[in-house]
Amino acid sequence: MSSVKHAIIAAAGLGSRLGLGRTKCLLELNNRPLISYLLALLKDVEDVRVVVGFQEHEVMDEVLRYRKDVTFVRNPEYLSTSTLTSYWLGSQGIKENCLFMDADIIFEPESFMNFKKFCMENVTDNIIAVTEAKTRDAVFVESRMGKVTQFTREQETEYEWANLCFIHPDLLVRTGESVYKQLTQYLPLTMREIVSFEIDTKCDMEKALYSSIASDRFYSTSACAEV
């Protein structure tokens, strides 16, 4: 089975909650930048686009160490826009479903590969990835019969929005408050669980560093090697 054809990585943000003055996708886990883990998972995806903004030249230089054929898309308004804008900019010209993800997440490889496989088996379906809820500051997901029925910050649930989806670009708009709020109008949408860590705080960084995900053999092989 062929892989998903397109993937958009939103890497334009400041990462201000970590307070390190550095974009989160360049923070290192086991001496490798976070974004290199995503690039390894997308090795079989022919069209990978990275949306850059804050520290764009540093991000581009680092990405090119791991993959040479990436397309870079600038979000010049990264200070005043959300990830939704980066997703919209990155997906221009794509006429079919594609993967969208934030650059500050590390995924358990097997679950990510299973997610890609599920997407290819349901190539015209709009699919939302959810993960086990880990904080009280999450976008929680309510679901029924394998469908996301609501996103909420008020009611804690078992799962949270994983900032990963496989959707058609037509569901997006250039400006808006957030991705999940934009997608709310299209609910219910197919739900698929994935194992992941999002890096928002120093505590998240510590948890990811000592998690089984960061030490997975997949990431210690040539899949994560420089080119």
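For the numbering used here, count along the sequence shown from 1 and bump the result up by 261.
We put the beta carbon where it would ideally sit given N, CA and C, even for glycine.
**Request:** Go through its chain and collect everything with a Cβ distance to residue 410's Cβ below 7 Å, but skip five positions before and after it.
**Result:** Your numbering for residue 410 matches position 149 in the sequence shown. Cβ contact annotation for residue 410 (same chain, cutoff 7 Å, sequence separation greater than five): 403, 404, 448 and 449, in chain order.
**Item:** Pairwise C-alpha distance: residue 373 and residue 293
**Value:** Residue mapping note: residue 293 aligns to position 32 of the sequence shown, counting from 1. Residue mapping note: residue 373 aligns to position 112 of the sequence shown, counting from 1. Whole-angstrom Cα-Cα distance: 19 Å.
**Asked** Helix, strand or coil: how does DSSP classify residue 431 here?
**Response** Indexing the sequence shown from 1 puts residue 431 at position 170. Residue 431 falls in the helix class under three-state DSSP.
**Message:** Alpha carbons only, please: which of 310, 415 and 320 is nearest the one belonging to residue 348?
**Reply:** Position 87 of the sequence shown holds residue 348. Nearest to residue 348 by alpha-carbon distance, out of 310, 415 and 320, is 310.
**Prompt:** How many Å lie between residue 315 and residue 273 at the Cα?
**Reply:** Taking the sequence shown and counting its residues from 1, the one referred to as residue 315 is at position 54. Taking the sequence shown and counting its residues from 1, the one referred to as residue 273 is at position 12. When rounded, the distance between both Cα atoms is 5 Å.
**Request:** Give the straight-line distance between the Cα atoms of residue 381 and residue 265, rounded to the nearest whole angstrom.
**Result:** Position 120 of the sequence shown, counted from the first residue, corresponds to residue 381. Position 4 of the sequence shown, counted from the first residue, corresponds to residue 265. When rounded, the distance between both Cα atoms is 6 Å.
**Prompt:** Given residue 326, which residues of its chain have a CB within under 6 Å of its CB, disregarding the five upstream and five downstream residues?
**Reply:** In the sequence shown, counting from the first residue as 1, residue 326 sits at position 65. So the list reads 487, once near-sequence residues are dropped.
**Message:** For residue 312 and residue 271, which I take to be in contact (beta-carbon distance under 8 Å), what is that distance rounded to the nearest angstrom?
**Reply:** Position 51 of the sequence shown holds residue 312. Position 10 of the sequence shown holds residue 271. Rounded, the Cβ-Cβ distance is 5 Å, consistent with contact.
**Residue-chain proximity (residue 451, chain D), Cβ-Cβ < 8 Å** = Going by chain labels, chain D is absent from the structure shown, which holds only one protein chain.
**Range covered by the alpha helix (DSSP H) that runs through residue 460** = As a working note, residue 460 is residue 199 in the sequence shown. Looking at the DSSP string, residue 460 is not in any alpha helix (DSSP H), and its letter there is neither H nor E.
**Item:** Length of the line joining the Cα atoms of residue 295 and residue 464
**Value:** Along the sequence shown, one-based indexing puts residue 295 at 34. Along the sequence shown, one-based indexing puts residue 464 at 203. So the two alpha carbons sit approximately 16 Å from each other.
**Where the alpha helix (DSSP H) containing residue 359 begins and where it ends** = What you label residue 359 is simply residue 98 of the sequence shown in a count that begins at 1. Where residue 359 is concerned, there is no enclosing alpha helix (DSSP H), although the beta strand (DSSP E) it sits in stretches over 359-363.
**Item:** Terminal residues of the alpha helix (DSSP H) in which residue 296 lies
**Value:** Within the sequence shown, numbered from 1, the residue matching residue 296 stands at position 35. Counting along the chain, the alpha helix (DSSP H) containing residue 296 begins and ends at 295-302.
**Asked** Mapping DSSP to helix, strand and coil, what is residue 410?
**Response** Position 149 of the sequence shown, counting from 1, holds the residue named residue 410. Strand.
**Prompt:** Does DSSP put residue 339 in a helix, in a strand, or in coil?
**Reply:** Within the sequence shown, residue 339 is the residue found at index 78, counting from 1. Assignment of residue 339 by DSSP, reduced to helix, strand and coil, places it in the coil class.
**Inter-residue CB distance, residue 370 and residue 302 (contact presumed, cutoff 8 Å)** = For the purposes of this step, residue 370 is identified with residue 109 of the sequence shown, where counting begins at 1. For the purposes of this step, residue 302 is identified with residue 41 of the sequence shown, where counting begins at 1. Confirmed, about 6 Å.
**Request:** Note the first and the last residue of the continuous alpha helix (DSSP H) segment covering residue 373.
**Result:** Here residue 373 corresponds to residue number 112 of the sequence shown, with the count starting at 1. It spans 370-382 - the alpha helix (DSSP H) in which residue 373 sits, taken as one unbroken run.
**Request:** Give the DSSP bridge partners of residue 333, in chain order.
**Result:** Along the sequence shown, read from residue 1 onward, the residue named residue 333 stands at position 72. BP columns for residue 333 point to 311.
**Item:** Those residues which DSSP pairs with residue 402 across a bridge
**Value:** Reading the sequence shown from its first residue, position 141 is the one you call residue 402. DSSP lists 412 and 420 as the beta-bridge partner residues of residue 402.
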